[in-house]
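For what it's worth, full-length UniProt numbering labels the leading residue of the sequence shown as 1, then goes sequentially. Positions of the beta carbon are idealized from the N, C-alpha and C atoms, including for glycine. Down below is the structure, laid out as structure tokens.
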Amino acid sequence: MQPLQPNSGSSKPQNATDKQQQHQGSAHYSMSMLDPAHRRNPENKSEPFTQLRMFLDSASITNWELWMSTRLFYGITTNPAILEKDGQRCTLSNLQRLCHIGEELGVKEMQFQAWGDSAQSMVSVALDLFGMNPELVVVKLPCTLEGFQAAALLRESSVRITMTGIYTASQVLLAQSVGAEYAAPYLGRMNDAYGNNKGFKEVVEMQRILHAQKARTRLLVASVREPSAMASLAAEGCDTFTISPAVASKLFAVSYTLDAVEAFEASARRMGAYEQDEGATTSTLLHRHGSNH
Numbered sequence: 001m002q003p004l005q006p007n008s009g010s011s012k013p014q015n016a017t018d019k020q021q022q023h024q025g026s027a028h029y030s031m032s033m034l035d036p037a038h039r040r041n042p043e044n045k046s047e048p049f050t051q052l053r054m055f056l057d058s059a060s061i062t063n064w065e066l067w068m069s070t071r072l073f074y075g076i077t078t079n080p081a082i083l084e085k086d087g088q089r090c091t092l093s094n095l096q097r098l099c100h101i102g103e104e105l106g107v108k109e110m111q112f113q114a115w116g117d118s119a120q121s122m123v124s125v126a127l128d129l130f131g132m133n134p135e136l137v138v139v140k141l142p143c144t145l146e147g148f149q150a151a152a153l154l155r156e157s158s159v160r161i162t163m164t165g166i167y168t169a170s171q172v173l174l175a176q177s178v179g180a181e182y183a184a185p186y187l188g189r190m191n192d193a194y195g196n197n198k199g200f201k202e203v204v205e206m207q208r209i210l211h212a213q214k215a216r217t218r219l220l221v222a223s224v225r226e227p228s229a230m231a232s233l234a235a236e237g238c239d240t241f242t243i244s245p246a247v248a249s250k251l252f253a254v255s256y257t258l259d260a261v262e263a264f265e266a267s268a269r270r271m272g273a274y275e276q277d278e279g280a281t282t283s284t285l286l287h288r289h290g291s292n293h
């Protein structure tokens, strides 16, 4: 892993004293880059590094704090079943609280699902959800007649929509037609329902449809049970996924990688990396950095 380097943008000539001070202070400056207060200028309009968007499918604040700290996740997805699983009330007041917590953690999008037994009732809830933070909230609607009726009504209010619970490629056409920002198929459940990995093939077909139509709708693949499935779909052009904390953990549980890192650390220790010398060790810097916050 490459260490963080200090900003070397200055072209001012350096004398010997400057170089010595830079050498002594560079590690500390690098550690300051880890400070949560150190953020990219929000006015920076440069293109993102990747089109990939990964969401965390969870309503657990503990898991949000853990996984959002990696900066790997674009946002959070939830639904009433996930709220129930993680012990969160499915009320507007509680979702408002969760929205605020997500924003504080650097979430770029929070997806909440509207509820109701009619298009009008879903529209009412959706407007309340979206009104919590229009810059952050995306409203999920079920892929039913009432859900699409609600989506059509919400278009006039510029509410951002995810059509969820998709099982067939033809449903993606409906999501595209209604102007949904995302269409969310349930990969694992589709494989369970269809057998013989047909769910995977159907999701690939969905992605091909959207690509052929040059659609702005993103395919948000949910119910992903293994990292390998996500990688295989990425090779087919899928670039948006939501995964559970359990699947997120699997991404970092590659035994060969862990064995290699253990060997690197053993070599570093044998070769004096953790001994005191003229400069502070990395572990000391980490301790100092942590004690200041």
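My guess is that residue i and residue j are in contact by the Cβ rule of under 8 Å, so how many angstroms apart are they, rounded?
i, j, result
"residue 127", "residue 99", "15 Å between Cβ atoms; not a contact."
"residue 110", "residue 75", "6 Å"
"residue 70", "residue 57", "About 15 Å separates the two Cβ atoms, so there is no contact after all."
"residue 150", "residue 119", "4 Å"
"residue 96", "residue 132", "5 Å"
"residue 219", "residue 263", "The Cβ separation is near 40 Å, so there is no contact."
"residue 217", "residue 181", "7 Å"
Taking the alpha-carbon positions, what's the residue i to residue j distance?
i, j, result
"residue 215", "residue 176", "7 Å"
"residue 160", "residue 114", "12 Å"
"residue 226", "residue 277", "45 Å"
"residue 260", "residue 266", "10 Å"
"residue 171", "residue 162", "12 Å"
"residue 55", "residue 240", "8 Å"
"residue 85", "residue 246", "14 Å"
"residue 156", "residue 185", "25 Å"
"residue 274", "residue 268", "8 Å"
"residue 250", "residue 224", "12 Å"
"residue 179", "residue 197", "29 Å"
"residue 194", "residue 271", "56 Å"
"residue 164", "residue 256", "37 Å"
"residue 228", "residue 60", "24 Å"
"residue 209", "residue 199", "15 Å"
"residue 334", "residue 93", "This structure cannot speak to residue 334, because the chain is shown only from 1 to 293."
"residue 237", "residue 205", "11 Å"
"residue 173", "residue 166", "11 Å"
Would you kindly report the start and end of the unbroken beta strand (DSSP E) that includes residue i?
i, result
"residue 57", "53 to 57"
"residue 141", "137 to 142"
"residue 75", "75 to 77"
Could you have a look at residue i and say whether DSSP puts it in helix, strand or coil?
i, result
"residue 226", "coil"
"residue 195", "coil"
"residue 149", "helix"
"residue 275", "coil"
"residue 252", "coil"
"residue 120", "helix"
"residue 109", "strand"
"residue 2", "Low confidence applies to residue 2: its pLDDT is 42, below 50, so where it sits in the model is not reliable enough to give any reading."
"residue 62", "helix"
"residue 39", "For residue 39, the predicted structure reports a pLDDT of 46, less than 50, and the residue's modelled location is therefore unreliable. A value from the coordinates is still provided. Note: residue 39 maps to coil in three-state DSSP."
"residue 89", "coil"
"residue 114", "coil"
"residue 158", "coil"
"residue 208", "helix"
"residue 368", "The chain is shown only over 1 to 293; residue 368 falls outside these bounds and no answer can be derived."
What residue range is occupied by the uninterrupted alpha helix (DSSP H) comprising residue i?
i, result
"residue 183", "First-last for residue 183: 182 to 185, but that is the beta strand (DSSP E), not the alpha helix (DSSP H)."
"residue 96", "92 to 104"
"residue 269", "255 to 270"
"residue 172", "169 to 177"
DSSP puts residue i in a beta bridge; with which residues?
i, result
"residue 241", "54 and 221"
"residue 163", "141 and 183"
"residue 70", "Paired residue(s): none; residue 70 is not in a bridge."
The ligand GTP heavy atoms versus the CB of residue i: any closer than 7 Å?
i, result
"residue 110", "Within the structure as shown, the ligand GTP is missing, as the structure has no ligands at all."
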